[in-house]
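Everything below concerns the one structure shown next.
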Amino acid sequence: MEDTRLVTGAGTFAADWNVPGQFHGYFVRSDRAHAEIVAVNVEQALKHAGVKAVVTGADAVRAGYVKPLHTLNFPGKGGMQTRAPERPVLAHTGVHFVGEAVALVVAESAEAAQDAAELVEVRYRDLPAVVSPEEALAPGAPQLHENVPGNLALEAEVGDAAAVEAAFARAAHVTRLKVEVTRVAPNPMEPRAYIAAYDARADSYMLHVCCQGITTLRRHLSAYTGVPEEKLHFEVGDVGGGFGQRTPAYPEHGALMLAARQTGRPVRWVSTRAEGIACDTHGRANVIDGALALDGDGRFTAMRLDWVNDMGAYLSPASMGHIRNTSTCMTGVYRIPALYATYRVALTNTNPVSSYRGAGRPDIAYAVERLVSQAAVDLKMDAAELRRRNFIPREAFPYKTPTGSTYENADLLGLLDKALKLADWKGYTKRRAQTERAGKLRGIGIATVIENTGAGQAPKDEVELELDARGTVTIYTVSKSQGHGHETTLAMIVADALELPLERVRVRQCALEKQQLVGGHTGGSRTTVGAGSVCHLAAKKLIEHGRPAAALELGVEPSQVEYAKGEYRSKESKRAVKLGDIARAKPVSVIAEGKFGSTFPNGCHIAEVEIDPGTGAAAIASYCAVDDIGTVINHSVVEGQLHGGVAQGAGQILGEKVVYDRGSGQLLTGSFMDYYMPRAGLLPPIRGAEHPTPSTVSPLGVKGVGESGCTGSLPAVANAVMDALAPLGVGHIDMPLTPAKLWHAIHSARKSG
Amino acid sequence: MAKVTIKVNGKNYTKAVEDRMLLVDFLRDELKLTGTHVGCDTSQCGCCTVHIDGRAVKSCSMLVAQANGTSIVTIEGMAKGGKLHPIQRAFSECHGLQCGFCTPGMIMATAGLLKDNPNPTDEQIYKGLEGNLCRCTGYINIVKAVKMSAKLLRGKAR
Amino acid sequence: MYSLSYVKAKSLKEAAAFLAKNPEAKLLAGGMTMIPTLKQRLARPTHIVDIAALPELRGIAAKGGRLVIGAGTKHHDVATSAVVRKAIPALAGLAAQIGDPQVRNRGTIGGSLANNDPAADYPAAVLGLGATVVTTQRSIAADDFFQGLFATALEEGEVIVRVEFPLPKRAAYSKFHHPASGYAMAGVFIAQTAGGVRVAVTGAGPGVFRWTAAEAALAESFKPAALEGLPLDASGLNDDIHADREYRANLVRVMAKRALAKISGKK
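Chains as they are written, first to last, in our numbering: chain S, 7 to 759; chain F, 694 to 851; chain H, -15 to 251.
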């Protein structure tokens, strides 16, 4: 439904907004990783033609815009409370990563603001920087914040340490693997752009933003600035990708609010890609030291994982997934009786880390699936067979995991068998031989994964349906598509329930006049599960709502009225009342709500890679994905979500990584010249299949799909590359598996072999 | 200031602009043709692709002054009389877009590719889209859309 | 971008005169490097002098055993020219691998050479074929033209007019693309010319260079095996987050072998 607008260039993205009387903002950003701010001199900048104001950290502190919300709000080890550093929306006493905003220059034109920004003098006193989380936690490391001793923001644990220790003592075999899930830049194609306007009479703000839904952003921003939620209004148009990165409140929101208030004019800011890579939250950035214990029959008996989570210089408001989501599905699709994990949340002189497509789910899937495949190598077992032996059996669902989650249902054996067949697992040896004849290496990798989706942090989801006299139904939701096709999917759900043609249903997301609706943002693969389910309930409610009026018009009792295909009828009366007729006098509106727990989509992905030993370049030769995402509303939208997720995961394995210089803390991958982005041809057409076991958690039977692709592809592609190298005696290599890294591995294996 | 006369989507415009103004800013800010997007600073993403005198170029990597006297087609000039261009149709039908931000550039790059090679192989499509980034689709349905576009355009030519 | 003045030159002479009068002015051809550089405020010229459309810089012709390409010729035109494809197919193939289609529709051979990016493709062909760079002032042999990282023999105000390529007996180019930028991580151009075998390497070092050991070995035996175990000093090669010296040295060897295989018609 959204396509026509988007293929004709008629979409309205954030940088397409302009408002009358607007000024333009340009941020002065730190050129160093760690320093004390001695002085900020704005005199020369203020004298520059067209400059209206220069907002600094002093203004931020004066306004009290200093304490961002963080979501690591659960007790840590021994009751430890999270130590959260303050972060004025413009740095005041010190800077802690390259790119941190120090001042905001406001001028009549964007060019004038940028010209003047060069005239802002910031005097720094340099401090040593630390960019590796493990080094940051080590004794003697440079300290970032006074209230975060040892750069340790939180230490947490889950599971039963004693039981795990006992199981490891009894184990017939233990596989150990330390893996890194690298720091990546989500890089939605649309750079951020905001306009903040202040209404002095109402003492309220209007913000034009690109976001994933206004409710979470509003909550974050209100907490950050102290401006009450009801004084924050948002205008959102098309959003050019998000992947979690567009969820939280950013310092830039607050700084622009300060500038708007100070100048009395709307202030517009459009980010560059360089700012985006340096300052929009990064994703992943976890180091996991894992061990898996097995008995003599190859059955898993215990797992232990020790995490170091790199959160960057400050805690982002949307970083809880690193711990919550990684512990929710910690045992994956396996029956593992004993489990223990520790988390050490580290602060480093780098850009803050937050949710990125999967938000911890791909990380845990990668850690577990690499361990399982490594165990198969250690035991010289078929990787699929080892998985089959340890799956949670179908009859065990609903299955309560050792960390307390309840997986509603899954058919893991069915899923595996379908995937093995689709991928022609048995015929692999032949393909490998063929590849070897061409002078290349070939590997096959499998991953069977499960993840939590749908729940979110909102108390409930509300959806409003408005019916007009023409029988057109408008859906109002506070979630926001960033390419998810909500205008299609949600409309289909309502059209289906009301038995109306799709053209009669419209979707309005985050509409200004409906921002009081309660609900989650779009993130954590939750919109179809949450808002989508409520759309279904709302449509049913609308039918019921119209029944008495229809009965009156038909001259029968409401119980005698039946609804079908957009009409109320009764057997007693030959007449029909059209749905639109009940809105003849005035539009009819119903609000429905619902709260659903987590759903657990699961899948089996199988990848094959070919590696050119001369250059080390790996290419994905085939990719199969069988997914159980419950009932599917729109197959094409779902397939698209999977494709995109698989590509992001494959991109991370084969090339993406944000790199900071170890000594200086400078960002070395600051543009697309150095930050690898997947291009056309990374993936061959994916052979996919659905294997639905409808969810029992949501009324539609749906499970979330937005993150399934990368949760499966990170381990599947990595396992395939490792499989290709295993015959050479190459052990685990951390992502990204770049040509240079693979060539070195192959070269040294051949030299020593 | 530079005075430029440029034909955009069939219409002539004469404007005085700052010498340093980029073509993409001229299209977006002066002509309000905001379908041409900016996704990077280093000429990699291709979101800003337009056609100048029939060839696909990145409008973020040239000054409007350099385009003086040329004829430009942007995404807004592709649909004719309310009817989608076959490439636009193919992108929609193949679900070759998600967020839609890269889509105008992808469509313009596709038009350029198919002009030079009306029946490209997968490999040729990969090469032809080297200058365009998409973060949502994994490119699979984009490649599908390019193939369908090729088919539609060949059918039209016949 | 800093404020600047745009000047469209009507002739080479005018452009040269303007440059002489304005020492901080810069030439602009396709602008594929210049404009992004200006956008990032990495350069601050007072003027940019657009020479892209000058008829004096146009044209592709094969005459007298030489292929002559005007400096303003776009990569796309070189890649698709029937004349180039017939005279030096490896050169057309190289041009087809530069950047991406949009870049090839704007970027010019003269601009690429004057910029002399250490990872650009054209320098490998010009050096590998032993071409002559003809400027407004003189003819410069390729061996003298390239002087390391973004440095050339061009004097202030000197403008490249055309490049003259002697026709080789056989030639091929093999390139390993930088995974992010698409530039050459290593590109090797090999040509069998009247004056002997030439092997030019781009992307791997701080500037395009000739791999003389390979040239000598291939002069003896024009076969991939001749490259085995040849010395290639890695110490001068680039070392960055994408590839260290040892890997780049390997790439040079592998690309050289693949270029040779192309020449001998094997894939």
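Glycine included, each C-beta is placed from N, C-alpha and C at the ideal position.
Bear in mind the structure is a predicted one, so any value in this text is a computation, not a measurement.
Given residue i, which residues of its chain have a CB within under 8 Å of its CB, disregarding the five upstream and five downstream residues?
i: E713(S); result: R363, G364, A365, R367, P368, E457, T459, G530, S531 and G651
i: H30(S); result: V112, A113, E114, S115, A116, A118, A119, V273, R274 and W275
i: R237(H); result: L211, L214 and L216
i: N810(F); result: Q817 and G821
i: G270(S); result: Y204 and A206
Cβ atoms of residue j and residue i: under 7 Å apart, would you say?
i: L845(F); j: G821(F); result: no
i: V1(S); j: A64(S); result: Because chain S spans 7 through 759 in this model, residue 1(S) falls outside it and cannot be assessed.
i: G56(H); j: R42(H); result: yes
i: L214(H); j: A227(H); result: no
i: T796(F); j: L12(S); result: yes
i: A570(S); j: E505(S); result: yes
i: N825(F); j: G798(F); result: yes
i: F249(S); j: P323(S); result: no
i: R89(S); j: V154(S); result: yes
i: A(-7)(H); j: I35(H); result: yes
i: C741(F); j: V717(F); result: yes
i: G180(H); j: A203(H); result: yes
Hey, is residue i's beta-carbon within less than 7 Å of any beta-carbon in chain F?
i: S4(S); result: This structure leaves residue 4(S) out entirely; chain S is present only between 7 and 759.
i: P742(S); result: no
i: R286(H); result: The structure shown does not extend to residue 286(H), since chain H spans only -15 to 251, so no value can be given for it.
i: G489(S); result: yes
i: M(-15)(H); result: yes
i: T495(S); result: no
To the nearest angstrom, how far is it from the Cα of residue i to the Cα of residue j?
i: I635(S); j: A389(S); result: 24 Å
i: A147(S); j: L133(S); result: 11 Å
i: S228(S); j: L238(S); result: 8 Å
i: V766(F); j: P745(S); result: 39 Å
i: E391(S); j: G420(S); result: 13 Å
i: W195(H); j: V185(H); result: 7 Å
i: I800(F); j: H60(H); result: 20 Å
i: L97(H); j: V147(H); result: 10 Å
i: T221(S); j: G14(H); result: 47 Å
Is any beta-carbon of chain S found at less than 7 Å from that of residue i?
i: S96(H); result: no
i: I82(H); result: no
i: T796(F); result: yes
i: E723(F); result: no
i: A168(H); result: no
i: A268(H); result: No information on residue 268(H) is available, as it lies outside the stretch -15 to 251 that chain H covers here.
i: Y231(H); result: yes
i: V741(F); result: Here the sequence assigns Cys to residue 741(F), which means Val is not the residue at that position. No, because no Cβ of chain S sits closer than 7 Å to the Cβ of C741(F).
i: N222(H); result: no
i: A843(F); result: no
Is residue i close to chain H, meaning its C-beta is less than 7 Å from at least one C-beta of that chain?
i: D301(S); result: no
i: V665(S); result: yes
i: T18(S); result: no
i: E823(F); result: yes
i: A695(F); result: yes
i: R828(F); result: no
i: Y204(S); result: no
i: A758(F); result: yes
Might you give, ordered along the chain, the residues of its own chain that have their beta carbon closer than 7 Å to the beta carbon of residue i, omitting 5 neighbours on each side?
i: Q81(H); result: D105 and K159
i: K584(S); result: G477, G572 and E573
Apart from the five residues just before and just after residue i, which ones in its own chain have a Cβ nearer than 6 Å to its Cβ?
i: E92(S); result: V72 and K73
i: A103(H); result: Y167, A168 and G187
i: I294(S); result: V185, L311, W313 and A373
i: N415(S); result: F403 and T699
Beta strand (DSSP E) runs wholly inside the segment 385 to 458 of chain S, at least 3 long, in chain order: 447 to 456
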